[in-house]
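*Asks:* Take this structure, written in structure tokens, and hold onto it; I'll ask about it next.
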Amino acid sequence: MEKILMPNLGQTVEEIYIQEWLVNVGDRIELGQPLCVVETDKAQLDVESVAEGTLLRIVEEAGATVEVGQLIAEIE
Amino acid sequence: MSTAGSAVSLSSTVARDLLFQMARIREFEQMAYLRFLQGEIPGTLHQSQGQEAVAVGVCSFLTTDDWITSTHRPHGHAIAKGMDPKIAMAEVYGKATGCLGGRGGSMHLGDPSIGMLTSTAIVGGGLTLAPGLAFALKARGTKSVAVAFFGDGAVNEGAFHEGLNYSAAFSLPVIFVCENNMYGASTPFYEVTRNTNVASRGEAYGIPSVQVDGMDVLAVRDAMEQATIRARNGEGPTLIEALTYRYVGHSRNDARGYRSKEEEQQWKDRDPIENLKKRTIFEGILSDQEVEQAVAEAKAEIAEAIAFAQESPVPEPVNATDLETVYSNQAETKGEPIRLPEGPEERWLSIAEALRESISEELRDNPSVYLLGEDVGVPGGFGGAFGVYLGLAEEYGRDRVIDTPISEKAILGASIGSGIAGMKPLADLQYADFIYEAMDEIVNEAAKIRYMSGGKVAVPMVLRSPVGASQRGAQHSQCPESQFLNFPGLRVVCISDPYVAKGVIKTALRGTDPVLIFEHKKLYGSKKRVEAGSITSRTFVPEEDYTVPVGKAVLRREGSDVTVVATFTELYKSLEVAEALAADGISVEVIDPVWLSPFDWGTICSSVRKTGRLVIAHEGHLSGGWGGEVAARVAQECFDDLKAPIQRVASKDVPMPFAPTLESAVLPSTSDIEEAIRSTVSRGA
Chain A
334 MEKILMPNLG
344 QTVEEIYIQE
354 WLVNVGDRIE
364 LGQPLCVVET
374 DKAQLDVESV
384 AEGTLLRIVE
394 EAGATVEVGQ
404 LIAEIE
Chain B
85 MSTAGSAVSL
95 SSTVARDLLF
105 QMARIREFEQ
115 MAYLRFLQGE
125 IPGTLHQSQG
135 QEAVAVGVCS
145 FLTTDDWITS
155 THRPHGHAIA
165 KGMDPKIAMA
175 EVYGKATGCL
185 GGRGGSMHLG
195 DPSIGMLTST
205 AIVGGGLTLA
215 PGLAFALKAR
225 GTKSVAVAFF
235 GDGAVNEGAF
245 HEGLNYSAAF
255 SLPVIFVCEN
265 NMYGASTPFY
275 EVTRNTNVAS
285 RGEAYGIPSV
295 QVDGMDVLAV
305 RDAMEQATIR
315 ARNGEGPTLI
325 EALTYRYVGH
335 SRNDARGYRS
345 KEEEQQWKDR
355 DPIENLKKRT
365 IFEGILSDQE
375 VEQAVAEAKA
385 EIAEAIAFAQ
395 ESPVPEPVNA
405 TDLETVYSNQ
415 AETKGEPIRL
425 PEGPEERWLS
435 IAEALRESIS
445 EELRDNPSVY
455 LLGEDVGVPG
465 GFGGAFGVYL
475 GLAEEYGRDR
485 VIDTPISEKA
495 ILGASIGSGI
505 AGMKPLADLQ
515 YADFIYEAMD
525 EIVNEAAKIR
535 YMSGGKVAVP
545 MVLRSPVGAS
555 QRGAQHSQCP
565 ESQFLNFPGL
575 RVVCISDPYV
585 AKGVIKTALR
595 GTDPVLIFEH
605 KKLYGSKKRV
615 EAGSITSRTF
625 VPEEDYTVPV
635 GKAVLRREGS
645 DVTVVATFTE
655 LYKSLEVAEA
665 LAADGISVEV
675 IDPVWLSPFD
685 WGTICSSVRK
695 TGRLVIAHEG
705 HLSGGWGGEV
715 AARVAQECFD
725 DLKAPIQRVA
735 SKDVPMPFAP
745 TLESAVLPST
755 SDIEEAIRST
765 VSRGA
């Protein structure tokens with residue numbers, strides 16, 4: 334199982350708002366596929382998958398504000 | 085300047101390999117990027133997704149005997165040149181199994197066994213090193229070439245000008261490959277120049293230059309084939325400007341807000357990997373299945389590389405300070421200081437004569453030794469600014485006593501590069517003040533390459549340059565030797581007598597470390613050119629071959645009341661004062677440290693333990709001078725033995741003025757030294 338952590342998206346960014354999930358639990362995920370759209374104080378960006386497999390769980394739903402390095406999803 | 089097009093015919097073997105190579109670089113970069121986002125990789129990454137065709141097209145014509153220099157964005161170059169992705173990835177991860185044992189990281193990938201210098205992360209850095217590598221390859225009679233990869237950002241650096249001109253002047257087998265990706269970090273190239281056509285700049289130096297589609301690996305290969313044929317045939321350098329694009333940011337944490345999604349898409353539509361796939365399938369060179377298989381193999385290999393890097397151990401902290409990786413010749417810590425030998429008067433030489441004898445013998449005995457600098461060998465010329473080389477060009481030829489352009493970065497870059505590739509360069513700067521023109525080469529390359537490579541790449545290179553005030557004003561008078569103590573990886577020598585002059589040149593040229601040798605203009609004793617206020621340093625120099633040990637001081641006079649440590653003119657003033665004070669019953673020990681790095685702490689400290697007093701005298705400025713370092717170290721190690729405060733005598737902290745009355749007011753004088761000695765002896769009796 335691969336834990337998907339919120340990546341560091343900018344040198345000064347600490348808190349990141351999850352705007353929308355682009356995938357659903359049970360979906361087949363490719364390497365590099367955008368998983369969710371996030372907003373930082375600087376820009377709107379996609380979080381890309383670092384693993385391929387099936388999306389097992391979304392830990393932080395849309396609307397959540399999370400910190401860099403926080404667990405947001407799991408892929409198996 | 086011309087524009088190259090794609091090759092017509094392509095074998096399936098070559099096509100498959102090009103595809104595989106590009107696919108593994110893309111996969112390497114993508115996987116490194118994703119793992120970086122997950123916090124597995126320290127530091128930062130500079131990546132090359134989109135630029136694969138340049139690295140692969142260029143390296144497809146090279147063997148491990150050819151050298152490349154690379155940049156802060158070296159992953160693609162390393163893999164294309166033959167580095168195992170496992171050890172490349174492990175280095176990116178900072179692991180012990182990486183190609184540099186974790187000393188370099190993402191920006192410094194390199195391995196001499198595949199012909200890749202540790203990449204330089206200083207923009208333009210490789211542009212002056214590649215001519216040196218190429219010089220050695222040519223001088224050693226090989227048909228190999230040196231390739232310098234650089235970006236558009238580097239072409240506005242002075243290194244571009246000096247590296248291109250130097251290579252052209254000596255018809256060196258260098259291929260300059262500009263990956264023009266249109267941005268220096270976030271700044272568009274067109275905003276910072278009037279001439280965005282890099283190939284036209286190559287033409288300006290008389291170098292055949294070509295602009296190619298850097299998204300087309302076959303176009304890159306075409307240009308590279310021509311360039312390598314020319315270089316291997318002895319026809320000199322070529323510049324290839326490959327127009328390309330990095331899909332990703334300059335480094336990680338770059339959200340690319342300075343360019344549009346449309347622009348990025350236009351380039352992605354011309355993706356080098358997808359285009360090669362389509363073309364080879366369309367032309368029946370490869371089947372769909374063969375293409376898929378090549379990409380699948382690349383992905384599998386990189387997955388293994390990631391696993392290898394993840395599982396590899398981190399480097400042991402103790403490795404960080406292993407001096408064997410900093411210097412190949414360690415300091416001689418045992419034994420007594422050197423004492424100048426005595427001998428018949430017919431072998432009493434000046435420093436200039438001793439230097440000439442030593443250099444001449446090394447040129448005679450070792451075909452790898454060569455001399456380079458301004459005005460060193462031109463018939464009817466100067467024989468070096470102080471006449472040290474008179475007659476050497478006539479004896480050994482102008483291909484071993486090389487008159488360079490006034491181009492200090494190129495002189496030093498050529499020295500470093502040629503030393504790495506098997507030569508023993510002895511570089512000359514007419515005045516030490518000019519060393520600042522080449523600080524990047526000395527500080528960022530010569531001092532660091534051995535360490536970054538984990539001791540795999542030695543940098544044998546010797547630089548001689550004259551220091552000291554001689555009525556030439558602020559820019560021809562400086563004593564910069566102290567500054568280089570702050571750069572681990574360099575050896576620093578001050579020649580103050582003819583015996584050391586002959587021996588230390590041999591020590592330096594026979595070693596494999598970068599050595600900076602400083603000499604004082606007033607001590608040369610050159611018959612051709614006598615400086616105002618010159619001091620006679622003529623002494624006995626044995627006729628036979630000898631070296632002096634690395635890091636050993638010379639004991640010039642024994643004494644019991646006070647230790648004086650001095651170099652150059654201050655050494656002779658100190659000896660004069662010591663003689664005069666003997667009449668007053670003050671016994672002065674005088675030591676010439678010779679090597680500032682490594683410093684002979686053993687000799688100095690045991691002398692201070694005996695005398696209990698220390699005076700340090702040098703012509704370099706007081707603040708930040710080497711005397712401060714010696715004072716601090718002796719105060720720490722010999723505190724209980726000291727009977728009086730340590731005294732320093734040095735030039736006052738102002739730039740050196742011209743007029744003799746002004747110059748004398750800044751320089752330390754004989755009476756300054758006498759006063760310092762008397763003041764320390766007056767205490768703690």
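Chains as they are written, first to last, in the numbering used here: chain A, 334 to 409; chain B, 85 to 769.
Think of the CB as a built atom: it goes at the ideal place given N, C-alpha and C, for glycine as much as any other residue.
Since the model is a prediction, treat every value here as computed from it, not as a measurement.
Quick one: grab the DSSP three-state call for threonine 764 of chain B.
*Replies:* Of the three classes helix, strand and coil, the one that applies to threonine 764 of chain B here is helix, per DSSP.
*Asks:* Look at isoleucine 259 of chain B and alanine 303 of chain B and say whether their C-beta atoms are less than 8 Å apart.
*Replies:* Against a cut-off of 8 Å, the Cβ pair of alanine 303 of chain B and isoleucine 259 of chain B comes out as no contact.
*Asks:* Quick check on histidine 130 of chain B: does DSSP put it in helix, strand or coil?
*Replies:* Here histidine 130 of chain B sits in coil by DSSP.
*Asks:* Under the three-state reduction of DSSP, which class applies to alanine 406 of chain A: helix, strand or coil?
*Replies:* Strand, per DSSP.
*Asks:* Apart from the five residues on each side of it in sequence, which residues of its chain come closer than 7 Å, Cβ to Cβ, to lysine 727 of chain B?
*Replies:* Excluding positions up to five away in sequence, the list reads Gly696, Arg697, Arg767, Gly768.
*Asks:* Bridge partners for lysine 508 of chain B per DSSP, in chain order?
*Replies:* Partner(s): B:Val453.
*Asks:* Kindly list, in the order they appear in chain A, the residues whose Cβ is closer than 7 Å to that of arginine 119 of chain B.
*Replies:* Val383, listed in chain order.
*Asks:* Counting only Cβ pairs nearer than 8 Å, list the residues of chain A close to glutamine 114 of chain B.
*Replies:* Leu364, Gly365, listed in chain order.
*Asks:* Give the residues from the segment 325–354 of chain B that approach chain A closer than 7 Å (Cβ to any Cβ), ordered along the chain.
*Replies:* For the segment 325–354 of chain B, which is checked against every Cβ of chain A, the residues closer than 7 Å are Asn337, Ala339, Gly341.
*Asks:* Can you give me the C-alpha to C-alpha distance between alanine 650 of chain B and isoleucine 526 of chain B, rounded to a whole angstrom?
*Replies:* Distance between the alpha carbons of alanine 650 of chain B and isoleucine 526 of chain B: 25 Å.
*Asks:* Could you tell me whether the Cβ atoms of valine 541 of chain B and threonine 202 of chain B are closer together than 8 Å?
*Replies:* Result yes, Cβ atoms of valine 541 of chain B and threonine 202 of chain B sit closer than 8 Å.
*Asks:* In the segment 444–468 of chain B, which residues sit with their C-beta less than 9 Å from some C-beta in chain A, listed in chain order?
*Replies:* Per Cβ criterion, the list is empty.
*Asks:* Check whether chain A comes within 8 Å of glycine 123 of chain B, counting only Cβ atoms and requiring the distance to be less than that.
*Replies:* Yes, its Cβ sits closer than 8 Å to a Cβ of chain A.
*Asks:* If we call anything under 8 Å between Cβ atoms a contact, is glycine 242 of chain B one with lysine 508 of chain B?
*Replies:* The answer is no: Cβ separation not under 8 Å.
*Asks:* Looking at chain B, is there any beta carbon in it that lies within less than 8 Å of the beta carbon of asparagine 341 of chain A?
*Replies:* Yes, asparagine 341 of chain A counts as interfacial toward chain B.
*Asks:* Taking the alpha helix (DSSP H) that arginine 640 of chain B falls in, what are its first and last residues?
*Replies:* Arginine 640 of chain B -> not in any alpha helix (DSSP H); beta strand (DSSP E) instead, spanning 638–641.
*Asks:* Please give the ranges of any alpha helix (DSSP H) in the segment 327–360 of chain B, keeping only runs that are unbroken, at least 4 residues long and fully inside the region.
*Replies:* Taking only runs of at least 4 residues, the alpha helix (DSSP H) segments lying wholly in the segment 327–360 of chain B are 345–352.
*Asks:* Against chain B, does glycine 396 of chain A count as a neighbour if the rule is that its beta carbon must be under 8 Å from one of theirs?
*Replies:* False, the Cβ-Cβ gap to chain B never drops below 8 Å.
*Asks:* Distance cutoff 8 Å, beta carbons only. Does leucine 388 of chain A sit that close to anything in chain B?
*Replies:* Not closer than 8 Å to any Cβ of chain B, the Cβ of leucine 388 of chain A fails to qualify, so no.
*Asks:* Using the DSSP secondary-structure output, state which residues sit across from isoleucine 337 of chain A in a beta bridge.
*Replies:* A:Ala406.
*Asks:* So, helix, strand or coil for tyrosine 411 of chain B, using DSSP?
*Replies:* Reduced to three states, the DSSP call for tyrosine 411 of chain B is coil.
*Asks:* List the whole-angstrom C-beta distance separating valine 140 of chain B from leucine 193 of chain B, where the pair is believed to meet the contact cut-off of C-beta under 8 Å.
*Replies:* Contact flag wrong, Cβ pair sits at about 16 Å.
*Asks:* Strictly below 9 Å CB to CB, what residues from chain B border leucine 338 of chain A?
*Replies:* Simply Leu121, Gln122, Gly123.
*Asks:* Where valine 294 of chain B and threonine 212 of chain B are concerned, what is the direct C-alpha to C-alpha distance, given to the nearest angstrom?
*Replies:* Those two C-alpha atoms are separated by around 20 Å.
*Asks:* For the putative contact between aspartate 676 of chain B and valine 638 of chain B, defined by C-beta atoms under 8 Å, what is the C-beta separation to the nearest angstrom?
*Replies:* The pair is a contact, with the Cβ atoms about 4 Å apart (cut-off 8 Å).
*Asks:* Using beta carbons (cut-off 8 Å, strictly below), is alanine 406 of chain A in contact with chain B?
*Replies:* Not closer than 8 Å to any Cβ of chain B, the Cβ of alanine 406 of chain A fails to qualify, so no.
*Asks:* Under 8 Å by Cβ, that's how I've got arginine 732 of chain B and alanine 715 of chain B pegged, so tell me the actual separation to the nearest angstrom.
*Replies:* Correct: roughly 6 Å between the Cβ atoms.
*Asks:* What would DSSP say about aspartate 372 of chain B, mapped onto helix, strand or coil?
*Replies:* Residue state, collapsed to three classes: helix.
*Asks:* Expressed to the nearest angstrom, what Euclidean distance is found between the alpha-carbon atoms of isoleucine 410 of chain A and cysteine 183 of chain B?
*Replies:* The question about residue 410 of chain A has no answer here: the residues shown for chain A are numbered 334 through 409.
*Asks:* Using 8 Å as the threshold, is the segment 151–158 of chain B in touch with the segment 230–244 of chain B, meaning 3 or more CB pairs across them?
*Replies:* Taking 8 Å as the limit for Cβ pairs, the verdict is that the segment 230–244 of chain B does touch the segment 151–158 of chain B.
*Asks:* Residue range of the alpha helix (DSSP H) that glycine 704 of chain B falls in?
*Replies:* First-last for glycine 704 of chain B: 698–705, but that is the beta strand (DSSP E), not the alpha helix (DSSP H).
*Asks:* For the segment 415–432 of chain B against the segment 468–481 of chain B, are there 3 or more C-beta pairs whose distance is under 8 Å?
*Replies:* No, the segment 415–432 of chain B does not touch the segment 468–481 of chain B.
*Asks:* Just tell me which of B:Tyr289, B:Glu309, B:Ala288, B:Thr277 has its CA closest to the CA of valine 296 of chain B.
*Replies:* It is B:Glu309.
*Asks:* Quick one: is threonine 147 of chain B buried, meaning 16 or more other Cβ sit within 10 Å of its Cβ, or exposed?
*Replies:* Classification for threonine 147 of chain B: exposed.
*Asks:* For the segment 579–591 of chain B and the segment 527–534 of chain B, state whether three or more C-beta atom pairs, one from each stretch, are separated by less than 8 Å.
*Replies:* Counting Cβ pairs under 8 Å, fewer than three are found: no touch.
*Asks:* Kindly list the residues whose CB is nearer than 8 Å to the CB of aspartate 629 of chain B, restricted to its own chain and excluding five residues on each side of it in sequence; keep chain order.
*Replies:* If we look at aspartate 629 of chain B and ignore the five residues flanking it on each side, its Cβ neighbours are Glu445, Lys590.
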